[in-house]
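Step one of this worksheet: look at the structure below.
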Amino acid sequence: MMNDEGQKWVKFTVVFMFIALTAVFCYAAFGGSAWVIIGETTFSFWMTILSIGLAVSAMAVSTYSFVAFVQSREVRHLMLILLGVDIVIWSFLFLITHPSSQLWAPGFSDRDRNRTFGMALVLAVVPSILIGSFAGEAKPRRSVKYVLVVWGAIIMPLICTWFLLSPSPVFLMVVGEGGVGDLTLVGAIISLGYLAAQIIALLRFMYKWWKTRNVFDLTLLLALAIWTMGTGFIIVLWNALQVAELLWMGSIISGFLLIGAVQFITSILEPHRFLESMIEQRTRELSLSNQESKFYLNMWTHKMGNLLQGMVTYLDILEMAARNSEDDTNSRAAASDLSREAAMLNQQVMQLSRIKENQEQVLWPVNLPESFDEAINTAKDLLGKNAFVAEFIHRDPLTVKGDNLLPLAFHSAIAFHVKNRIDEQPSIKISIGQTGQPRSFKIVCRGKPIPMELRKYIESKELHGQVALDLDLFTIKLLMNRYGASVKCERNESTEENVCTFTFPDD
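Using this note's numbering, you'd call the opening residue of the sequence shown number 2 and step up by one each time.
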C-alpha cells in the first residue's frame, strides 16, 4: 500500500494527464477539427495505429488487474481483467469492420456492421463500470465470480463473433448520413443508455473518491470522465471518416492508459519500492544487531577472562597455602565469589539471548511492584541472601508497558549497584512515583561514582559504544530501549548515593 506522499504525486500525475487530455478533446470539439473528414487511406492508417494502441493498453490493464486481483480479490479488479480482454477482441473486430478497412478486409468492412459493434462495446463496458462502481472493493462470492467469468470470457466473445459473422447487421444503429438525427430507435436506446450508465457510474465514483480519497477511485473517476467525453463524439459524428471517430478511440485508450499507469505504480512499482525499503531496513537492523552482538561478546570475553585469571590466581595460592590457614580460607572464599560471578555472567548471556528472541513480541501492562519483588528474590538467589538490603519507600499500584523480561531489567540494576557498592551490605532504596505523576521509579544506593561517559551512554539511545560496559548495564539499556523508557543517573555527593531514575512512556 502506498503512503500519503506516494499517493500525492500519483494523484498529481493523473490529474495533470486528465487536464491535458481534456484540453485536447475540447479544442478539437469546439475548434472544429474533430468534424473534419479525412481521406480513407490516411484514416485507415490512424485507425490501425489506434486499434493496436487500444489493444495494448487494454491488455496492460488486464495484466495489472490480474496482479491486483491476486493480491486483494476485489470485484473491480476482476471486472477490469475481463473488460481488458474483451476490449482487445473488440478493438480488432471494430477495425476490420470499419469502412476505412475496405481495401484489406473487404469481406467484413461495412458501415452498418461497424456501427453495430458499438452495441458490443456497450455490453462489455456497462456491466464493468456499474458493478465496479457499486461493489469495487467487495470480495466476490463464488457465484458472482462464475457469472462474471462466464459473461466476460464466454458470452461477450460469442456476441462479438455473432455480430461479425451475421450475414446482415444484427442491429441498425443509424440510417442516412448518421449523427444524432439519424439514430434508429435501437441506436438511440443503446447510445443514451451507454451515456446514462457512464454518468451514473461517474457520480458513484465521485462519491467514493470524496469518501475515501483513494488514488485508484480517483483514476477510475477521471478515466470514466474521459470515456464519457468520447461517447459524445461517437453520438454526434455523422461520417465514419471524421476525426471525431479517431478522437473517440483515443478517449478509450486514454482512459485505459490512466488506469494502467496507476495500476503499474500501485501493483508493481510501489510494492517493489516497499520491498526495497524493507530490505534496506532489515539490512540496517542486521548490521546494528551484528554490532550489538560484537559489543556484548567483547564485554563477555573481557569479563570472563578477568574472572578466569582471578580464579587461576587463587588456585595457585591454595596450592601453596596451608590447609585451614587464613590464606586458605580467604582464597577459597574469593574463588567461590568469582565462581558465583562467572555463573551470573553466563546467566546474563542466556538472558540476553531471550531478549533478542522476544524483540518483536507485543508489550502489555505489567505490574511494577510485582516485577520488583521477583527481581529482588532472583538477585538474592544469585548474589546471596545477605548481599544487600532492599527497601521500598512507596508501593502504590502502578503498571507500565513491558513483558515478562521486565524483572530482568530490575534485577540487573540491583546487581550493578551491589557490585558498585562502598558498604559491605548496601541498602538499595526503591521508590515508585506517586499516582498522577509520570510512570517512573528511582533506585538509590550508596556506591562509587558512575563515570560521566558511562552515564552519558546509559542515557543515550545507542546500544553499542566505545565505553567499557558490563553486561548488567547493557541488559538494562537493551530492555529500556525495547520498552521506550529512559534512564537518568545522578550523584548525591553529600550522601555518596547514586540516584537512577527510570521513566516509562504513558500508555
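Every residue gets a Cβ at the ideal spot worked out from N, C-alpha and C, and that includes glycine.
On a predicted model such as this, the values are computed, not experimentally measured, just so you know.
Work out the CA separation of residue j and residue i for me, nearest whole Å.
i, j, result
"Pro398", "Ile260", "58 angstroms"
"Trp10", "Ala224", "18 angstroms"
"Gly188", "Glu277", "53 angstroms"
"His99", "Ala197", "26 angstroms"
"Ile451", "Met279", "39 angstroms"
"Ser73", "Val150", "17 angstroms"
"Ala24", "Ile201", "23 angstroms"
"Trp239", "Ile38", "10 angstroms"
"Asn215", "Arg77", "14 angstroms"
"Met250", "Pro107", "22 angstroms"
"Thr502", "Lys478", "13 angstroms"
"Phe67", "Ser92", "20 angstroms"
"Lys402", "Ala59", "53 angstroms"
"Val367", "Val488", "18 angstroms"
"Asp111", "Ile53", "20 angstroms"
"Val89", "Leu55", "7 angstroms"
"Val263", "Ser45", "31 angstroms"
"Thr117", "Thr284", "60 angstroms"
"Thr267", "Glu75", "14 angstroms"
"Cys446", "Leu472", "19 angstroms"
"Ala121", "Lys212", "33 angstroms"
"Pro168", "Leu203", "37 angstroms"
"Cys27", "Glu281", "47 angstroms"
"Asn482", "Met230", "59 angstroms"
"Phe70", "Met18", "25 angstroms"
"Ala154", "Asp507", "57 angstroms"
"Glu41", "Ala29", "20 angstroms"
Check whether chain D comes within 7 angstroms of residue i, counting only Cβ atoms and requiring the distance to be less than that.
i, result
"Ala24", "Note that chain D does not occur in the displayed structure, where there is just one protein chain."
For residue i, which of helix, strand or coil comes out of DSSP?
i, result
"Phe393", "strand"
"Trp365", "strand"
"Arg440", "coil"
"Thr504", "strand"
"Asn493", "strand"
"Asn215", "coil"
"Thr49", "helix"
"Asn115", "helix"
"Glu371", "helix"
"Gln426", "coil"
"Ser487", "strand"
"Met2", "For Met2, the predicted model reports a pLDDT of 48, less than 50, meaning its position is unreliable; a value from the coordinates is still stated below. It is coil, neither helix nor strand."
"Leu184", "strand"
"Gly153", "helix"
"Gly85", "helix"
"Glu277", "helix"
"Glu498", "strand"
"Gln72", "helix"
"Val445", "strand"
Contact defined as beta carbons within less than 8 angstroms: I believe residue i pairs with residue j. What is the distance between those atoms, to the nearest angstrom?
i, j, result
"Phe442", "Ser432", "6 angstroms"
"Leu165", "Leu94", "5 angstroms"
"Thr504", "Pro439", "6 angstroms"
"Leu248", "Phe234", "5 angstroms"
"Asn421", "Lys449", "5 angstroms"
"Gln429", "Val390", "Note on residue identity: the sequence assigns Ile, not Gln, to residue 429. Confirmed, Cβ separation roughly 7 angstroms."
"Ser63", "Gly85", "3 angstroms"
"Ser192", "Ile227", "Not really, about 17 angstroms apart at Cβ, beyond 8 angstroms."
"His412", "Ala376", "4 angstroms"
"Ala241", "Trp36", "Not quite, the Cβ-Cβ distance comes to about 13 angstroms (not below 8 angstroms), so this is no contact."
"Val175", "Thr185", "6 angstroms"
"Leu96", "Thr49", "6 angstroms"
"Phe265", "Tyr484", "Incorrect: roughly 43 angstroms between the Cβ atoms, too far for contact."
"Thr476", "Ala380", "Rounded, the Cβ-Cβ distance is 13 angstroms, inconsistent with contact."
"Asp113", "Leu173", "6 angstroms"
"Ile444", "Ala414", "6 angstroms"
Near residue i, which residues of its chain fall below 6 angstroms by C-beta distance, leaving aside the five closest residues on each side in sequence?
i, result
"Met157", "Asp87, Ala125"
"Lys209", "Asp218"
"Asn115", "Thr98, His99"
"Leu407", "Val367, Ser372"
Apart from the five residues just before and just after residue i, which ones in its own chain have a Cβ nearer than 8 angstroms to its Cβ?
i, result
"Trp365", "Lys402, Gly403, Asp404"
"Pro1", "Given a span of 2 to 508 for the chain in the structure shown, any question on residue 1 remains unanswerable."
"Ile423", "Arg447, Gly448, Lys449, Glu497"
Please go through the same chain and pick out, in chain order, the residues whose beta-carbon is closer than 7 angstroms to the beta-carbon of residue i, but skip the five residues on each side of it.
i, result
"Lys12", "Val216, Leu219"
"Ile459", "Leu474, Lys478, Val488, Cys490"
"Gln362", "Asp404"
"Phe206", "Ser134, Asp218, Leu221, Leu222, Leu225"
"Ile160", "Ala121, Leu124"
"Met2", "Note that Met2 scores 48 on pLDDT, short of 50, meaning its location in the model is unreliable; the coordinates nonetheless yield the value given after this. Correct list: empty, nothing qualifies."
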